[in-house]
Structures are given as structure tokens and as C-alpha cells.
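Line order of the protein sequences matches chains A and B. Going by the working numbering, the first residue of the first sequence is number 106, and it counts up by one from there. Going by the working numbering, the first residue of the second sequence is number 125, and it counts up by one from there. Built from N, CA and C at the ideal position, the CB exists for glycine as well. Written below as C-alpha cells is the structure these notes are about.
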Amino acid sequence: MRASSTATAETPTDAEQPADRLVSVKRSNGETEDDWIYIGHDAHNRVIVVKSTPDNKLMTNNIALEEFQQLNPTFVESAAAEPAKTPSEAVPAESAETSLKAASTPEDWQRIKSEAKEFFDQFENVEGVEALRQAVSRHGSEVQAAMQQQLEELGLTSDIEPAVQNAKADKAAQLVEAALPYPDDVRRGDRKDIDRQRASLAKMLAMSDEQFSNLSQDWQAHEVSTLHGEALAEDKNYKAGEQRKAVKQELRGLDEKYGGVLPEISALPLDKEPGGALQTALGGYGERTQKINAGPASELINKDFLKQANAAQLVKELEASLTEKYQAQGLSEAQIQAKLAESHSSLETWVKGMDGQTSALGDLDKLEQQGNKEKMLTAKRHKIGEYIGSALLMRAIKGTFERGKSNETKTEINVTEVLAHGIDHNGSRGVAGAETLRNGEKAGSLGGRVMAQLETARQLSRNEGTLMRSLIYLAAVERSLGDSFVSTWDAIPAERKKQARKKLMLGMAATSSAIARMSAKAAQKARKTAATGAAAGTIWLGNVRS
Amino acid sequence: MDDSLLSGVDLSQYSEQQQEKMLAKLYGKLEEQVGEKVAALVSDQQFDQFEALIDQGDEDKLDEWLMANVPDYEKLVEDTLNQLKQELQTNPQAFE
Chain A
106 MRASSTATAE TPTDAEQPAD RLVSVKRSNG ETEDDWIYIG HDAHNRVIVV
156 KSTPDNKLMT NNIALEEFQQ LNPTFVESAA AEPAKTPSEA VPAESAETSL
206 KAASTPEDWQ RIKSEAKEFF DQFENVEGVE ALRQAVSRHG SEVQAAMQQQ
256 LEELGLTSDI EPAVQNAKAD KAAQLVEAAL PYPDDVRRGD RKDIDRQRAS
306 LAKMLAMSDE QFSNLSQDWQ AHEVSTLHGE ALAEDKNYKA GEQRKAVKQE
356 LRGLDEKYGG VLPEISALPL DKEPGGALQT ALGGYGERTQ KINAGPASEL
406 INKDFLKQAN AAQLVKELEA SLTEKYQAQG LSEAQIQAKL AESHSSLETW
456 VKGMDGQTSA LGDLDKLEQQ GNKEKMLTAK RHKIGEYIGS ALLMRAIKGT
506 FERGKSNETK TEINVTEVLA HGIDHNGSRG VAGAETLRNG EKAGSLGGRV
556 MAQLETARQL SRNEGTLMRS LIYLAAVERS LGDSFVSTWD AIPAERKKQA
606 RKKLMLGMAA TSSAIARMSA KAAQKARKTA ATGAAAGTIW LGNVRS
Chain B
125 MDDSLLSGVD LSQYSEQQQE KMLAKLYGKL EEQVGEKVAA LVSDQQFDQF
175 EALIDQGDED KLDEWLMANV PDYEKLVEDT LNQLKQELQT NPQAFE
């Protein structure tokens with residue numbers, strides 16, 4: 106959960122604000138102020154509010170919707186009925202031209218976020234922006250010191266702040282041009298793009314530290330939520346878990362039907378093409394089966410014996426076909442015999458599983474198709490896990506922006522908590538668990554989610570150097586554990602991490618599994634009770650009639 | 125709440141949103157406490173097997189593994205849930 110952000114900028118005397126837009130806001134010191142002006146919502150559904158301070162500064166704040174509704178129970182409805190006014194309506198038009206003004210509305214935040222993303226994505230060197238900001242700040246300090254010295258030497262007193270600000274603005278402009286030069290063969294459209302990026306970078310350099318920190322924090326949260334949401338939505342839309350379950354069930358059915366030898370048969374070089382040796386042999390087997398079944402039943406003819414002979418004939422024909430294949434592969438006689446001996450009992454089991462049916466070829470195809478589908482679905486699930494991990498890795502890298510802030514507090518690392526946060530950073534499992542406790546029919550969805558998160562945990566634990574590091578770093582940033590978190594994490598013995606993972610994963614699996622079973626039992630009990638009730642009702646009615 | 129798994133829990137004085145939040149917290153605590161107990165019953169070698177099953181991604185096998193390696197895990201979860209339900213009823217603030 107992000108902390109509320111507050112920033113200030115200069116603004117002229119506050120204009121009269123419509124009373125119906127005045128709202129209450131609880132400040133971080135615990136005091137509730139009721140002179141804030143409602144602006145709208147941001148992309149995270151946080152409410153944006155502004156107010157003017159006695160010294161003519163414009164202060165912005167964003168608070169959680171839930172908190173806002175609690176403090177302003179009647180306002181929400183009227184605000185929903187009336188669209189939020191545009192910034193130019195809500196804030197006096199002559200507001201100072203500061204970067205904050207540009208960022209004081211949800212739309213502008215969104216635009217700056219998107220521009221920032223464009224910049225970061227292009228350069229993939231977020232530290233560069235920070236370095237430029239530091240260079241500007243350093244230049245300002247140098248100018249201030251030099252000017253101060255000059256003034257003292259000349260015996261003058263004057264406010265040097267405007268000169269310092271101008272010098273910083275000039276320096277920032279130089280740095281922006283140097284950081285984003287036009288290529289020699291720049292085209293008109295490209296020049297426009299670069300100008301846009303220059304404007305974004307200039308804004309980022311002009312921001313106050315707090316504002317810049319807020320921007321990067323908002324942007325990171327937005328980016329991760331979007332990517333995570335997309336990945337989860339893809340999983341949900343594709344129903345990878347459900348599909349994979351269905352595929353596995355079908356494979357299990359085939360396994361049972363053919364005594365578990367189908368994968369082995371599938372690997373044999375049998376000619377499975379239409380009109381090939383396998384189809385011919387199976388066709389002959391089918392015809393003979395029909396004849397046996399249709400033939401006369403008498404004490405003189407033992408049909409079971411004939412069926413066994415028919416199966417043995419099919420095995421013999423299949424082995425003859427295999428022999429030809431092996432010969433074509435150039436295997437020696439001894440090698441061929443060894444191979445045939447190896448597959449003989451599997452062929453017998455397979456043919457026994459056919460039980461006179463001729464769908465064996467189709468089942469073999471099905472095995473291969475479903476097997477491939479299963480592999481594809483598993484890969485998809487893994488890919489989703491990796492995607493989330495990669496997205497978070499990006500965020501972890503970009504989380505360097507938060508280093509300055511997080512340096513202030515260093516907390517002892519709770520390995521289990523960090524791992525748990527790493528695999529489920531938005532708490533979706535707890536929500537699904539709560540839903541299942543209320544409604545047992547949701548157990549399937551909880552099971553699927555737990556399985557996917559267990560897989561993610563497994564993936565991440567194997568790739569601690571990359572994905573896991575990003576996730577744990579994410580958790581560290583969100584919990585303000587400090588920028589030395591990664592090295593501290595690395596120093597934690599692997600055994601301690603494994604024990605934490607053990608508790609977490611076993612807790613996840615055992616709980617969801619047991620809850621699903623308990624829900625199923627409860628549903629069964631409810632059905633039985635309902636049935637008993639219905640039966641009792643019938644008896645009672647019967648009694649009345651009699 | 126008359127749902128079977130939540131029988132005996134009355135949160136009617138809370139809003140729907142608050143109830144969801146409390147139950148999510150209860151579920152989190154349930155996982156945590158069950159994890160502590162189950163981990164104590166399972167050796168590291170067994171846990172290695174468990175992780176190998178996760179790699180296979182087969183939910184059914186996972187259930188089979190739990191039944192074979194964690195005796196009475198269902199009862200363990202049920203008892204823990206009942207205890208947490210009692211806590212929720214007597215001290216709902218701890219779940220807010």
C-alpha cells in the first residue's frame with residue numbers, strides 16, 4: 106500500500122471554491138481538515154484533492170478511495186453524479202507555471218507517467234535521470250556558493266535565489282539537449298518524438314525531490330499493476346489451468362485404458378500414416394474381431410481363445426513392421442531382437458487394452474496431440490510466471506529511485522513475509538480464500554490460483570539470482586527495508602530461505618486442498634439434508650391424505 | 125453467515141467490504157498457521173518431492189501427496205480454522 110503523497114507549488118490567492126466540492130481529508134499527523142477541494146480520481150482509484158496554504162502554495166494530496174468515502178460519506182454520490190471539473194475550472198487559471206501544476210490532475214499524472222515510461226523504456230537507464238537531477242542540483246549549489254562569495258566580496262546583500270534558479274534551469278536545458286541529441290539524419294517525425302522526450306525529461310529535472318519520488322512511485326505501481334493484471338487476465342481468459350486439467354484427465358483416461366504403455370508405444374517407429382502398416386494391421390485385427398464376434402457360438406469353438414490368437418497375431422504383425430523399420434535403420438539382428446524383446450510386453454498390453462476395438466490409432470494420435478497441448482499449456486503457465494517476474498525485475502531496477510527514501514529505515518527481514526509478498530504481491534490469494542470460505546463452489550478457482558502461485562514460487566526459487574531477486578527487492582522497496590536489502594538478502598543462508606519457503610508453500614497447498622475437501626463435504630451434507638427434508642415432506646403429505 | 129465453513133461466525137455488524145477484508149486476513153492467518161504445523165511434520169526430503177510435484181503442475185497429484193505425507197491434514201486445517209473462527213468472533217478487531 107502506497108503512502109499518501111503531498112506536494113506543494115506556488116499559486117495565487119485561493120479563489121472561492123464551490124462548497125459542494127469541499128471535502129474532509131485526514132492528514133498524516135492524524136488531524137482531519139475539511140477545506141480540501143475534490144479534483145477527481147487517479148489511475149489507482151485514489152482520490153486527488155487540492156488546497157491552498159496560507160502562504161499561497163497549492164498543495165495536492167491523494168488518498169485511498171475507501172478512506173475518502175469514510176470521511177465523506179455523502180460526497181461520493183454527488184461527485185459521481187456530477188463529473189469532476191477540468192483542472193482549469195477547479196484551479197484558478199493564473200496558477201503559477203510549475204511542473205506541479207502540470208501534474209495536479211489525474212490526466213496530467215497519467216500523461217507524465219506515460220512519458221516517463223517512454224523515456225525509461227528507451228534508455229533503460231533510470232539512474233541517468235537521477236544523475237542528471239543531481240548534476241542540476243550540484244550546479245545550483247556551486248552557483249549559490251560562488252554568488253554568495255562574490256556578493257560578500259563586493260559588500261552587497263541580495264536575494265540570490267532567482268539567479269540560482271535561472272542557472273539551474275539553464276543547466277537543466279543543456280543537460281537535456283546533451284542527453285537526447287538529434288541524430289545527424291533526423292527526420293521530422295523523429296525530431297518531434299525527441300522534442301517530446303526532451304520536454305518530459307525537462308519536467309523530471311525541474312520537479313522537487315518529493316514530487317519526483319511520487320512520480321516514480323506512482324509510475325512504478327501503475328506499470329507493475331498493469332503488467333501483472335495483463336498476465337493474470339491472460340491466464341484467466343485462456344483458462345490455462347482448467348484446460349490443462351481437462352487435458353490431463355484425458356491423458357489419464359488413455360493411460361488407464363492401455364495400461365500406461367501408450368507413451369512407450371507412441372515412441373516406437375510404427376508407421377502411423379493413413380494406409381501405413383499400422384493402419385493395415387489394425388484393420389485386419391478389427392475384421393477378424395468382427396468375424397469372431399459374429400461367428401457361431403458352440404461348445405466346439407472357444408471365442409476367448411480365438412480373441413487371444415487374434416491379439417497375438419496383431420502383436421506379431423506389429424513386430425514384423427518394427428523389424429522392417431529397424432532393418433532400414435541399419436540395426437544388427439541382435440540389436441533388433443533386443444529392441445523387440447524390450448517392447449514385446451508393452452505391445453501385448455496395448456493390444457489387450459484395445460479389447461477388439463479399432464480406435465487404437467486415434468487414441469495414439471490423441472495422446473500425442475493432448476500431450477503437446479499439455480506441454481504448451483504448462484509452458485504458458487511458466488511463461489506467465491516469468492512474465493510477471495520480468496515485469497517486476499524492471500520495477501526492481503527502476504526501484505533505485507526509491508533508494509534515497511528507503512535508506513532511512515532498515516528493518517530486519519522477515520523471509521517468509523518477503524517471499525509471500527513476492528509471489529502474491531496484490532494479495533489475490535487471500536481474497537480468493539475468503540471467497541471460498543463464504544462459497545465452497547469457488548474452491549476450484551482458489552485451487553487454480555494456489556497452483557499457479559506455487560509454480561511461480563518454484564520458478565522463482567530456482568532463479569533467485571534474477572527473478573526472485575527482483576521480487577524480493579520489490580517487497581523490500583514496498584516495505585521500506587532499505588536499499589541494502591539485496592545484499593542483506595543474499596547473506597541470509599539458503600537453508601533459512603528454504604525453511605521459509607517450506608512453511609509458505611506447504612501452508613498454501615494444505616490449506617487450499619483441505620478447504621476444497623471440506624467445502625465438497627459440506628455441500629454433500631447440505632444436499633443430503635435437503636433430500637431427507639424432501640422425503641420427509643412426502644411422507645407427511647401422505648399422512649395428511651390418509 | 126450460515127455457510128457451512130463459516131458456521132458460528134457472525135459478522136453482520138460489518139459492511140460487506142469489511143467482511144471480505146477480515147476473511148482474507150483470516151485465510152492468510154490460516155495458511156500461515158497451517159504452514160507452521162505442516163512444515164514441522166514434513167522432512168526436507170519430503171519437501172523436495174513436493175517441489176518436484178509442483179514442477180509437474182498436477183493438482184491431483186499434489187492432493188495425493190498431501191494425503192500420503194501429511195496424515196490428517198484436513199483435520200489439522202479444520203481445527204486451525206475453527207480456532208481462528210473463534211478468535212474472529214471474540215476479537216474481531218484483530219482481523220480488521
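My output table needs one value for residue i: the three-state DSSP class, helix, strand or coil.
i	result
residue 167 of chain A	strand
residue 366 of chain A	coil
residue 178 of chain B	helix
residue 371 of chain A	helix
residue 129 of chain B	helix
residue 131 of chain A	strand
residue 492 of chain A	Residue confidence is low: residue 492 of chain A scores 49 on pLDDT, short of 50, so the model does not pin down where it sits. Its coordinate-derived value is still stated next. Three-state DSSP puts residue 492 of chain A in a helix.
residue 161 of chain A	The predicted model places residue 161 of chain A with a pLDDT of 42, which falls under 50 and marks its position as unreliable, so this point remains unresolved.
residue 352 of chain A	helix
residue 260 of chain A	coil
residue 379 of chain A	coil
residue 267 of chain A	helix
residue 462 of chain A	coil
residue 275 of chain A	helix
residue 102 of chain A	Absent from the structure is residue 102 of chain A, since the part of chain A shown begins at 106 and ends at 651.
residue 135 of chain B	coil
residue 538 of chain A	helix
residue 532 of chain A	coil
residue 597 of chain A	coil
residue 437 of chain A	coil
residue 177 of chain A	coil
residue 479 of chain A	helix
residue 136 of chain A	coil
residue 220 of chain B	coil
So the alpha helix (DSSP H) residue i belongs to, where does it begin and stop?
i	result
residue 201 of chain B	197-214
residue 287 of chain A	First-last for residue 287 of chain A: undefined, no H or E at that position.
residue 156 of chain B	140-165
residue 528 of chain A	520-528
residue 312 of chain A	Element bounds for residue 312 of chain A: n/a, residue is neither H nor E.
residue 186 of chain B	183-193
Strictly below 8 Å CB to CB, what residues from chain A border residue i?
i	result
residue 132 of chain B	Per Cβ cutoff of 8 Å: no residues; residue 132 of chain B is ~12 Å from chain A at best.
residue 148 of chain B	532, 535, 536, 538, 539
residue 188 of chain B	None at all; the shortest Cβ gap to chain A is about 10 Å.
residue 163 of chain B	604, 607, 608, 611, 612
Pull up the DSSP beta-bridge partners for residue i, would you.
i	result
residue 403 of chain A	A:406
residue 141 of chain A	A:128
Just to make sure I have the definition right: I need the residues of chain B whose C-beta is within less than 7 Å of the C-beta of residue i. Which are they?
i	result
residue 371 of chain A	Here the premise fails: no neighbours, minimum Cβ distance about 19 Å.
residue 353 of chain A	182
residue 552 of chain A	183
So with CB distances below 9 Å, who are the chain A contacts of residue i?
i	result
residue 144 of chain B	536, 539, 540, 543
residue 135 of chain B	Those within 9 Å of residue 135 of chain B in chain A number zero; the least Cβ separation is about 10 Å.
Report the neighbours of residue i on chain B: residues whose CB is nearer than 8 Å to its CB, in chain order.
i	result
residue 75 of chain A	Outside the modelled stretch of chain A, which goes from 106 to 651, sits residue 75 of chain A, for which no answer is possible.
residue 349 of chain A	181
Which chain A residues are close to residue i, counting only those with a beta carbon under 7 Å from its beta carbon?
i	result
residue 160 of chain B	608
residue 151 of chain B	535, 538, 539, 542
residue 154 of chain B	616
Listing by chain order, which chain B residues have their CB less than 9 Å from the CB of residue i?
i	result
residue 560 of chain A	178, 179, 181
residue 528 of chain A	Neighbours of residue 528 of chain A on chain B: none; closest Cβ ~12 Å, over 9 Å.
residue 597 of chain A	Within 9 Å Cβ-Cβ: nothing; residue 597 of chain A doesn't reach chain B, min ~17 Å.
residue 265 of chain A	Residues of chain B passing the Cβ test: none, with the nearest at roughly 53 Å.
Which bits of chain E does residue i rub up against, with CB to CB less than 7 Å?
i	result
residue 175 of chain B	This model lacks chain E altogether; the protein chains it does include are A and B.
Any residues in the stretch 194-218 of chain B with a beta carbon nearer than 9 Å to a beta carbon of chain A? Which ones, in chain order?
Here the close residues are 194, 197, 198, 199, 200, 201, 202, 204, 205.
Against chain B: residues of the stretch 622-634 of chain A by CB proximity under 9 Å
Close to chain B, meaning a Cβ-Cβ distance shorter than 9 Å, are the following residues of the stretch 622-634 of chain A: 622, 623, 624, 626, 627, 628, 630, 631.
Interfacial residues, the stretch 284-311 of chain A to chain B, with Cβ spacing under 9 Å:
Result list empty, no residue passes.
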